[in-house]
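> Chains as they are written, first to last, in the numbering used here: chain A, 1 to 156; chain B, 1001 to 1156.
C-beta: ideal position from N, C-alpha, C; glycine also.
As the structure is a prediction and not an experimental result, all values here were calculated from the model.
There are 2 protein chains.
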Amino acid sequence: MSHTTDVEVGGEARAQRMAAGAAGISLEVALVRLSHLVQRVFAEVSRDHDLTPQQTQLLCRLVDGPVGMADLGRMLDLEKSGLSGLVDRVESRGLVARTRSDRDRRAYQVALTTAGLQVGTTAHDGVISRLGEYVGDTAQDDRQHLTTLITRMLDN
Amino acid sequence: MSHTTDVEVGGEARAQRMAAGAAGISLEVALVRLSHLVQRVFAEVSRDHDLTPQQTQLLCRLVDGPVGMADLGRMLDLEKSGLSGLVDRVESRGLVARTRSDRDRRAYQVALTTAGLQVGTTAHDGVISRLGEYVGDTAQDDRQHLTTLITRMLDN
DNA sequence: TAAAGTAGTTCGCAGTAGGAACGTTCGTCA
DNA sequence: TGACGAACGTTCCTACTGCGAACTACTTTA
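(1) For chain A, is any of its Cβ atoms less than 8 Å away from the one on Met1069(B)?
(2) Thr1113(B) by DSSP, collapsed to three states: which one?
(3) State the Cα-Cα distance for the pair Pro1066(B) and Gly1116(B), rounded to the nearest angstrom.
(4) For Arg33(A) and Arg1152(B), what's the separation of their Cα atoms in angstroms?
(5) Please classify Ser1002(B) as buried or exposed, where buried requires at least 16 other C-beta atoms within 10 Å of its C-beta.
(6) Can you list the residues of chain B that Thr122(A) reaches, using a CB-CB cut of under 9 Å?
(7) Answer yes or no: do Thr1147(B) and Ala139(A) have a C-beta to C-beta separation smaller than 8 Å?
(8) Measuring only the C-alpha atoms, how far is Met75(A) from Ser1101(B)?
(9) Can you name, in chain order, every residue of its own chain whose Cβ lies under 8 Å from the Cβ of Gly1010(B), other than the five neighbours on each side?
(10) Given Ala1070(B), which residues of its chain have a CB within under 6 Å of its CB, disregarding the five upstream and five downstream residues?
(11) Measuring CA to CA, which of Gly132(A), Val110(A), Asp77(A) and Arg105(A) is closest to Arg89(A)?
(12) Short of 7 Å in beta carbon distance, which residues of its chain neighbour Phe120(A), apart from the five on each side in sequence? Order them along the chain.
(13) Please compile the residues from chain A whose C-beta is within a distance smaller than 7 Å of the C-beta of Asp1142(B).
(14) On the three-state DSSP scale, how would you describe Ala139(A)?
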């Protein structure tokens, strides 16, 4: 009854499609590949700063100012327990600090420390500039247009 | 000398920018957000199939036919040890099988089993169709425009 | 003021992912 | 042919990720 009884191989029939590159693909597939590229950029930049991609993501989300845990969880699509752990680890590196909210004494505000602001800013800039290299020399009009298209997807 | 000595909070100055939504952002930031959206779609679809996002990613990469471990590692940006573990876990669910290559007796070919092809195909289709919903009623011209930009980035 | 809801934490667990050390097999060069 | 270096994978170890459940503490509501 184990899985070893059924290991017939399937799917060879589709192998004739072009195997690599990014030629002749649909927008949806392109989006998946793009996401992968962005993740890789994050991973590379993170390594430069001795952070994990998620930690970098957290720092980048804080450069515009402190955010409450609940909002942060929504931003990062994390369950509260997962976020607790992430903030714990980054806090233990002295990059982030928790402060009790004045209005609601249950809630925390998560803010960058001085060191965290430094790391977060350069990491953020690093991600943006590397992505900029991939985007290349696109006219300002096109950039604006594409940004609008993407924004519409995001607001969906 | 511990980190607890320096927890001054910085970065408040930037807080005046608009905090939420996707308004007034650069193309690069839009790309990061978009990547996040794709990851979320993967997570949702994966949950429907009782898989993790990475396992889904693996299956989706195999629907076009068997792939060697080394190529798979390049595709998924994984170190060989990480890939070993991933394939182990998916294999133990009977969704994938390793076969020794004929030409090179060190190498494996990873292929979907019959069950794996089923799951992989529906997961793949699920991701594509959900992304299609986000793309929504984007004009054909605009779709093409976006696809072209992304393709150029990927070929970089 | 009691009940219900919200904000976070802790714990346990499975999965992710890198690095180092290792065994095999392959290709090449003397 | 035989030795050596390179390539393909695996195992072990470690830190991190992220979910769910149970819990504490504060807030809101009725």
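In brief:
(1) The residue you call residue 1069(B) lines up with position 69 of the second sequence. No, because no Cβ of chain A sits closer than 8 Å to the Cβ of Met1069(B).
(2) Position 113 of the second sequence, counting from 1, holds the residue named residue 1113(B). Residue state, collapsed to three classes: strand.
(3) As a working note, residue 1066(B) is residue 66 in the second sequence. As a working note, residue 1116(B) is residue 116 in the second sequence. Near 12 Å, if we compare the C-alpha coordinates of Gly1116(B) and Pro1066(B).
(4) Residue 33(A) sits at position 33 when you count from the first residue of the first sequence. Residue 1152(B) sits at position 152 when you count from the first residue of the second sequence. In this structure, the CA atom of Arg33(A) is about 12 Å from the CA atom of Arg1152(B).
(5) Against the second sequence, residue 1002(B) aligns to sequence position 2. Residue placement at Ser1002(B) is flagged as unreliable, the pLDDT there being 34, under the threshold of 50; the coordinate-derived value follows with that caveat. Under a 10 Å Cβ-count criterion, Ser1002(B) is classified as exposed, with fewer than 16 other Cβ atoms of the shown protein chains found around its own Cβ.
(6) Numbered from its first residue, the first sequence carries residue 122(A) at position 122. Residues of chain B passing the Cβ test: none, with the nearest at roughly 13 Å.
(7) Within the second sequence, numbered from 1, the residue matching residue 1147(B) stands at position 147. Within the first sequence, numbered from 1, the residue matching residue 139(A) stands at position 139. A distance of 8 Å or more separates the beta carbons of Thr1147(B) and Ala139(A).
(8) As a position in the first sequence, residue 75(A) is number 75, starting the count at 1. As a position in the second sequence, residue 1101(B) is number 101, starting the count at 1. Taking the Cα positions, Met75(A) is about 45 Å away from Ser1101(B).
(9) For this step, residue 1010(B) is matched to residue 10 along the second sequence. Per-residue confidence for Gly1010(B) stands at a pLDDT of 46, beneath the threshold of 50, marking its modelled position as unreliable; no derived number is given.
(10) For the purposes of this step, residue 1070(B) is taken as the residue at position 70 of the second sequence. For Ala1070(B), same chain residues with a beta-carbon under 6 Å away, outside a window of 5 residues either side, do not exist.
(11) On the first sequence, position 89 is the one that residue 89(A) refers to. Checking every option, the nearest Cα to that of Arg89(A) belongs to Val110(A).
(12) For this step, residue 120(A) is matched to residue 120 along the first sequence. Sequence inspection shows Gly at residue 120(A); the Phe mentioned does not correspond to that position. Leu59, Cys60, Leu62, Val63 and Leu112, listed in sequence order.
(13) Your numbering for residue 1142(B) matches position 142 in the second sequence. Those within 7 Å of Asp1142(B) in chain A are Leu149.
(14) Counting from one through the first sequence, the residue named residue 139(A) turns up at place 139. Ala139(A): coil per DSSP, three-state reduction.
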